[in-house]
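Enquirer: First to last, the protein sequences are chains A and B.
Heads up, the first sequence is in the working numbering, so the first residue is 532 and it goes up one at a time.
Heads up, the second sequence is in the working numbering, so the first residue is 532 and it goes up one at a time.
There are 2 protein chains.
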Amino acid sequence: MNETAKTRKNSWRQDPDRVKADILAIATEVFATFGLAGARVDEIARRTQTSKRMIYYYFGDKNGLYMSVLEAAYARVRAGEDALKLDELDPISALQRLVEFTFDFHRDNPSYVRLVQIENIHDADHLKRSERIAKLNLSAIDKLEDICRNGIEEGSFRSDISPVQLHWLISSSCVFNLSNRATFRHLYGGDLFTEAGQAGLRKLIVASVLGAIRC
Amino acid sequence: MNETAKTRKNSWRQDPDRVKADILAIATEVFATFGLAGARVDEIARRTQTSKRMIYYYFGDKNGLYMSVLEAAYARVRAGEDALKLDELDPISALQRLVEFTFDFHRDNPSYVRLVQIENIHDADHLKRSERIAKLNLSAIDKLEDICRNGIEEGSFRSDISPVQLHWLISSSCVFNLSNRATFRHLYGGDLFTEAGQAGLRKLIVASVLGAIRC
DNA sequence: GTCAAAATGTACCGTTTAGTTAAATTGTCA
DNA sequence: TGACAATTTAACTAAACGGTACATTTTGAC
């Protein structure tokens, strides 16, 4: 019976979808943790239930795998945005709710934020090349356009701020909350990242965004 | 004379400081561009006027070089902050000036921002280990403490927002403006990053920060 | 001048790493 | 059931990469 340890694994069940999903999930974690250059294909393979060969079989090369990971991450964002319903709210409340949703979403998806930061280190090269992400048409801006139009109409919003600016402003704080947590915590302490601290920041961001657009 | 091409470079002038500074400047660019794992020691050496050997002679190894680069970057930040004088201004004006300074400073130091983002990818591991940076005691918070105290005293500032929160809020937008420019531009267009667009964002950040702290 | 220590150049080495080869097993469908 | 395509395993390779050995030159103290 001491042969078994050395014998080839000579029986398996084919399950392409499962294998692909497995690789993608592990690769997402590893790329998010170590970056594109820092991630090791062998490390990804080791954590998978399959072999390195399968990574190359399904994703071509390391870059192809990274792009698939990035595309899957953006697809999840799109799905999240779609779930948000703001139609029945007045503009101020809708904006507040959107800010809170954005804050929570980023906080709940740290590896998405890390992938975005990694992508920025690479000057968004892979994002640019991805046709799948181009087709995604993220909907945050559409929602803000509605909110801004209504707000300006009813006179509660300034008219000199664009939806894109507003999206930028909201994103900046919600992304930074994750992307720069490590350095900020070390230099200025961790109070902002306790549960109470996060609740405070959430309110602060709402206040700053509403403060910026209010007439 | 056809020997000269192959002969060893058999004469030079010693200049340790110059060599170190040369390596550090080039390494800053390369690390900021490619990240810690992505940067190549050979590439840094190639761009230098000296050799790879000298990198190891002065900085020990790749990590030591990276840490020196990081420390030099933070030292420049500290120097920048020290140059800012806000004493004679009223709290609102001082805060506005600080926001504008922070915005401009980040915009003028893109490789600093990139290094910070890279450091965050690595969970601030090198920042934590650096005694030089620990001693630096960045002064932005001190300035904000003064401003907040005065502002609350004279009744123009809310009293439930801390200097650290405020610093976080200001940093988030000023950092994001550089750190996530590539992905944002690709997804939502480049209008915000023209000269006019940047002036608009600068005003927007001022409005949002003042809007957040005003009574 | 001499000598030791600091600084520099050239050539090289051992590992790590992305990527491949070749063969075996499983699934499908005529 | 048998041929053929899709999937999976294990072992291998070439190149890139961080790091080093060793010789040589410069500098400054005496």
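Ideal placement from N, C-alpha and C gives every residue a C-beta, glycine not left out.
The structure displayed is predicted, hence computed values, not measured ones.
Would you verify that the beta carbon of A/Lys659 is, or is not, closer than 8 Å to some beta carbon of chain B?
Expert: At least one chain B Cβ lies under 8 Å of A/Lys659.
Enquirer: For B/Arg645, name the three-state secondary structure that DSSP assigns.
Expert: B/Arg645 falls in the helix class under three-state DSSP.
Enquirer: Got a sec: is the Cβ-Cβ distance from B/Arg645 to anything in chain A below 8 Å?
Expert: Yes, its Cβ sits closer than 8 Å to a Cβ of chain A.
Enquirer: Going along the segment 720-738 of chain A in order, which residues come within less than 8 Å of chain B, judged by CB to CB distance?
Expert: Hits within the stretch, in order: Gly720, Asp722, Leu723, Gly731, Leu732, Leu735, Ile736 and Ala738.
Enquirer: From the DSSP output, in three-state form, read off B/Arg607 for me.
Expert: Here B/Arg607 sits in helix by DSSP.
Enquirer: As a quick exercise: from A/Asn708, A/Leu620 and A/Ala665, pick the residue whose alpha carbon is nearest that of A/Ala730.
Expert: Nearest of A/Asn708, A/Leu620 and A/Ala665 to A/Ala730, Cα basis: A/Asn708.
Enquirer: Counting Cβ pairs, one atom from each stretch, are 3 or more of them under 8 Å apart for the segment 628-639 of chain A and the segment 587-600 of chain A?
Expert: In short, these stretches do not touch, since the Cβ pair count stays below three.
Enquirer: Between A/Leu718 and chain B, is any beta-carbon pair separated by less than 8 Å?
Expert: Yes, A/Leu718 counts as interfacial toward chain B.
Enquirer: Let me make sure I understand the geometry here. Which of A/Phe688, A/Ala604 and A/Phe562 has the alpha-carbon closest to that of A/Ile664?
Expert: Minimum Cα distance to A/Ile664 is reached at A/Ala604.
Enquirer: If you check the beta carbons only, do A/His698 and A/Leu675 fall under 8 Å apart?
Expert: Yes, they are a contact pair.
Enquirer: Are the CB atoms of B/Leu601 and B/Leu667 within a distance shorter than 8 Å?
Expert: No, the pair does not count as a contact, with Cβ atoms beyond the cut-off.
Enquirer: For A/Thr714, return the contacting residues in chain B, with the cut-off set at a CB-CB distance below 8 Å.
Expert: Neighbours of A/Thr714 on chain B, chain order: Val647, Glu650, Asn651, Ala655 and Leu658.
Enquirer: Using a Cβ cut-off of 8 Å, which residues of the segment 562-595 of chain B contact any Cβ in chain A, in chain order?
Expert: Listed by position, the residues of the segment 562-595 of chain B near chain A (Cβ gap below 8 Å) are Phe565, Gly566, Leu567, Ala568 and Gly569.
Enquirer: Buried or exposed for B/Glu662, please, with buried defined as at least 16 other CB atoms from any protein chain shown within 10 angstroms of its CB.
Expert: With fewer than 16 other Cβ atoms within 10 Å, it is exposed.
Enquirer: Under a three-way DSSP split, which group does A/Arg745 fall into?
Expert: Correct three-state label for A/Arg745: strand.
Enquirer: Which residue or residues does DSSP assign as beta-bridge partners of B/Phe688?
Expert: According to DSSP, which records beta bridges pairwise, B/Phe688 is partnered with B/Arg745.
Enquirer: Is B/His637 close to chain A? Criterion is C-beta to C-beta, closer than 8 Å.
Expert: With 8 Å as the cut-off, B/His637 does not count as an interface residue toward chain A.
Enquirer: Give every residue of the same chain whose Cβ lies closer than 7 Å to the Cβ of A/Ala576, excluding the five residues on either side of it in the sequence, and list them in chain order.
Expert: Result list for A/Ala576: Ser582, Lys583 and Ile586, in chain order.
Enquirer: Verify whether the separation of the beta carbon atoms of B/Leu669 and A/Leu718 is less than 8 Å.
Expert: Taking 8 Å as the Cβ cut-off, B/Leu669 and A/Leu718 qualify as a contacting pair.
Enquirer: So, with DSSP's three-state summary, where would you put A/Lys734?
Expert: It is helical.
Enquirer: Just the chain A side, please: which residues come within less than 9 Å of B/Gly742 by C-beta, in chain order?
Expert: Here the neighbours are Ala738, Ser739, Val740, Leu741, Gly742, Ala743, Ile744 and Arg745.
Enquirer: Distance cutoff 8 Å, beta carbons only. Does B/Lys537 sit that close to anything in chain A?
Expert: Bear in mind that a pLDDT of 35 at B/Lys537, under 50, signals an unreliable position, so the model cannot answer this.
Enquirer: Quick one: Cα of B/Cys679 to Cα of B/Gln545, how far?
Expert: Near 52 Å, if we compare the C-alpha coordinates of B/Gln545 and B/Cys679.
Enquirer: For A/Ile672, would you say it is in contact with chain B, using Cβ-to-Cβ distances shorter than 8 Å as the test?
Expert: At least one chain B Cβ lies under 8 Å of A/Ile672.
Enquirer: On the premise that B/Ala655 lies in contact with A/Ala515, defined as a C-beta separation below 8 Å, what is that separation, rounded to the nearest angstrom?
Expert: With chain A covering 532 to 746 only, the question about residue 515 of chain A has no answer from this structure.
Enquirer: Quick one: Cα of A/Leu596 to Cα of B/Leu735, how far?
Expert: Whole-angstrom Cα-Cα distance: 39 Å.
Enquirer: Starting from the C-beta of A/Phe724, find all residues in its chain whose C-beta is less than 7 Å away, skip the five residues before and the five after it, and write them out in chain order.
Expert: For A/Phe724, where only same-chain residues beyond five positions count, the Cβ hits under 7 Å are Arg712 and Arg716.
Enquirer: Return helix, strand or coil for B/Lys616, following the three-state DSSP convention.
Expert: Coil, per DSSP.
Enquirer: Quick one: is B/Gln545 near chain A, going by C-beta distance under 8 Å?
Expert: By this cut-off, B/Gln545 is not an interface position.
Enquirer: Using a cut-off of 8 Å between C-beta atoms, extract the partners of B/Ile692 located in chain A.
Expert: Leu735, listed in chain order.
Enquirer: Go through its chain and collect everything with a Cβ distance to A/Gly611's Cβ below 6 Å, but skip five positions before and after it.
Expert: These residues qualify, in order along the chain: Phe636.
Enquirer: Excluding the five sequence neighbours on either side, which residues of its own chain have a C-beta within less than 6 Å of the C-beta of B/Arg638, listed in chain order?
Expert: Excluding residues within five positions, none has a Cβ falling inside 6 Å.
Enquirer: To the nearest angstrom, how far is it from the Cα of B/Ile701 to the Cα of B/Glu726?
Expert: So the alpha carbons of these two residues sit roughly 20 Å apart.
Enquirer: Can you round the beta-carbon distance between A/Gly742 and B/Ser703 to whole angstroms, since I take them to be within the 8 Å contact cut?
Expert: In fact, because the Cβ distance is near 15 Å, the residues do not count as touching under 8 Å.
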